[in-house]
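Please read the structure below before turning to the comments.
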Amino acid sequence: MIKLGFGSDNETKNVYNNLKTLIEKDMFPEYSITDFEENKARNSFRFTIAYDEDYIYSYMVWYEAGILNIEPEKEDYVAEDIAFILYPIAEMLL
710 MIKLGFGSDN ETKNVYNNLK TLIEKDMFPE YSITDFEENK ARNSFRFTIA YDEDYIYSYM
770 VWYEAGILNI EPEKEDYVAE DIAFILYPIA EMLL
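Here the sequence shown is numbered in my numbering, starting from 710 and rising by one per residue.
And the structure:
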């Protein structure tokens with residue numbers, strides 16, 4: 710799991726909302742976003758991201774107490790699953 714802190718709950722919420730908007734609207738040209746589903750009651754969303762047919766990953770994202778949490782949906786995830794999602798996050802933060 711990835712845990713990212715942004716200084717305050719408000720800043721984390723802003724990053725969460727920006728990431729959610731970018732993913733929901735499929736605004737990463739290098740990737741294809743599918744299966745977006747939001748759970749407002751839990752401040753979370755899940756989605757599937759694909760680079761090509763060989764690289765397809767599903768994630769759950771949520772925030773709480775100033776921390777943005779990103780977790781691959783498969784139980785036996787490896788470092789590649791975590792690293793893959795960092796590229797679009799880095800693009801968003803730049």
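By construction, the Cβ of each residue, glycine as well, lies at the ideal position given by its N, Cα and C atoms.
Subject >> Chain-order list of residues whose beta-carbon lies under 6 Å from that of R755 (same chain, five-residue window excluded) >> reply: E746, M769
Original post:
Going along the chain, which residues of its own chain have a beta-carbon closer than 8 Å to the beta-carbon of M736, five neighbours each way excluded?
Top reply: T730
Subject >> Residue nearest to A774 in terms of C-alpha spacing, selected from A799, S717, I742 >> reply: S717
Original post:
Can you name, in chain order, every residue of its own chain whose Cβ lies under 6 Å from the Cβ of S741, other than the five neighbours on each side?
Top reply: A759
Original post:
By a C-beta neighbour count over all protein chains shown, 10 Å radius and 16 as the cutoff for buried, is P781 buried or exposed?
Top reply: buried
Subject >> Contacting residues, own chain, Cβ-Cβ under 6 Å from Y725 (five flanking each side not counted) >> reply: These residues qualify, in order along the chain: Y772, L777.
Original post:
DSSP three-state call for A792: helix, strand or coil?
Top reply: Assigned with DSSP and collapsed to three states, A792 falls in helix.
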